[in-house]
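J.: Got a structure for you, written out below as C-alpha cells; questions coming shortly.
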Amino acid sequence: MTHWMMFYADRCFLASVKKVLDAPILEDYPDGEKVLQVNESRMSDCAIGVIACQAALEAITNSYFLIGSPEHNKYDALSIRKKLETAAQLSGKSLVWNLPPWTDVGKLIAVRNRLIHYQDPSVALVGSEGWASNPYPEFIPQQELTYKWLERYYQAVRQAALKVAEWRGIDGYNIEFLKTEDYKIIMYE
10 MTHWMMFYAD RCFLASVKKV LDAPILEDYP DGEKVLQVNE SRMSDCAIGV
60 IACQAALEAI TNSYFLIGSP EHNKYDALSI RKKLETAAQL SGKSLVWNLP
110 PWTDVGKLIA VRNRLIHYQD PSVALVGSEG WASNPYPEFI PQQELTYKWL
160 ERYYQAVRQA ALKVAEWRGI DGYNIEFLKT EDYKIIMYE
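Count along the sequence shown from 1, add 9, and you get the number used in the working numbering.
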C-alpha cells in the first residue's frame, strides 16, 4: 500500500518553541515565586524561539493562502505584516496592530528583524558607575530574549494563526494543532 508522507514545517517550528518553554530552568525565591535565571545559553534558546515563532506564523499564513486562493503565489513576496493585513482585507476584516494578539505579533516581528537583519551589535556603552551612553536603547537582549516574552510570542502566534484561519474560512484538521498543541510533524495519508 502506498501513502503520502506529509511534512509540516509550521508544526515543527511550534514544537521546537514548545519544547524550550516546557523545560526552562527555574530558580526558587523565598516568596515562592519562580524566576528564570538569565544567562547566555537561555538567551540563545529564546533567540532561536523568536525566529521559530515568526517562521511558524509565516508558514501557517502561507499555507492558508494556498488552501484558500488559486493565486497564492502572488502573496509570497510580501512581508509577514503585509500578508497578515492582506488576509484580513481579503476577508473584509481589519487587523488592528495595537490590539491583542497583534501587539505581541508586531513586537515579535520587530525582535525577529533585529536578530536576522544585520544591526550594529553595540547596544549601549555602560560604565562601571551604572551610566549608559544610550539610556533608552531600542533593543536590550536581557529583556527581549526571555522565556516570559517567548511564551507571549508563542501564544500570540497561535492566536493570530487561528484568527487568520477564521478569516480564510479554514477549520477542522488544518487548525486543530493550534488548539491542542499536538504537533505531529510527519503524517502519512
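Even for Gly, the Cβ is constructed at its ideal location relative to N, Cα and C.
At a cut-off of 7 Å, would you count serine 88 as near the ligand HEM, judging by its Cβ distance to the nearest heavy atom?
T.: This structure lacks the ligand HEM, and indeed carries no ligand of any kind.
J.: Can the beta-carbon of leucine 23 be found less than 8 Å from the beta-carbon of tyrosine 192?
T.: In the sequence shown, counting from the first residue as 1, residue 23 sits at position 14. In the sequence shown, counting from the first residue as 1, residue 192 sits at position 183. Yes, Cβ-Cβ distance for leucine 23 and tyrosine 192 is below 8 Å.
J.: Name, in chain order, the residues that DSSP records as bridge partners for tyrosine 197.
T.: Start at 1 with the first residue of the sequence shown, and residue 197 comes out as number 188. Answer by DSSP bridge pairing, in chain order: Met14.
J.: Rounded to whole angstroms, how far is the Cβ of leucine 108 from the Cβ of threonine 95, which I believe are closer than 8 Å?
T.: Residue mapping note: residue 108 aligns to position 99 of the sequence shown, counting from 1. Residue mapping note: residue 95 aligns to position 86 of the sequence shown, counting from 1. At roughly 18 Å, the Cβ-Cβ gap does not stay under 8 Å, so leucine 108 and threonine 95 are not in contact.
J.: So what's tryptophan 8 in DSSP terms, helix, strand or just coil?
T.: Because the chain in this structure spans residues 10 to 198, residue 8 falls outside the shown range and cannot be described.
J.: Assuming leucine 117 contacts leucine 104 under a Cβ cut-off of 8 Å, what Cβ separation, rounded to an integer in Å, is found between them?
T.: Here residue 117 is taken as the residue at index 108 of the sequence shown, counted from 1. Here residue 104 is taken as the residue at index 95 of the sequence shown, counted from 1. So it is not a contact: roughly 14 Å between Cβ atoms.
J.: Under 8 Å, do proline 110 and alanine 64 count as touching if we go by C-beta distance?
T.: Locating residue 110 in the sequence shown gives position 101, counting from the first residue. Locating residue 64 in the sequence shown gives position 55, counting from the first residue. No, the pair does not count as a contact, with Cβ atoms beyond the cut-off.
J.: What is the residue span of the alpha helix (DSSP H) that aspartate 85 lies within?
T.: Here residue 85 is taken as the residue at index 76 of the sequence shown, counted from 1. Element bounds for aspartate 85: n/a, residue is neither H nor E.
J.: If I measure Cβ to Cβ from alanine 68 and keep anything under 6 Å in the same chain, skipping five residues before and after, which residues do I get?
T.: In the sequence shown, the residue the question calls residue 68 occupies position 59. Cβ neighbours of alanine 68 beyond the five flanking positions: Ala18, Asp19.
J.: Going by other Cβ atoms of all chains shown within 10 Å of its Cβ, with 16 needed for buried, is alanine 174 buried or exposed?
T.: Walking along the sequence shown from the start, residue 174 turns up at place 165. Under this definition alanine 174 is a buried residue.
J.: So the alpha helix (DSSP H) glycine 115 belongs to, where does it begin and stop?
T.: Position 106 of the sequence shown, counted from the start, is the residue given in the question as residue 115. 111 to 125 is the extent of the alpha helix (DSSP H) around glycine 115.
J.: Among the candidates Ile179, Tyr182, Gln151, whose CA atom is the shortest distance from the CA of methionine 52?
T.: Residue numbering aside, residue 52 sits at position 43 when the sequence shown is read from its first letter. Of the candidates Ile179, Tyr182, Gln151, the one whose C-alpha sits nearest the C-alpha of methionine 52 is Gln151.
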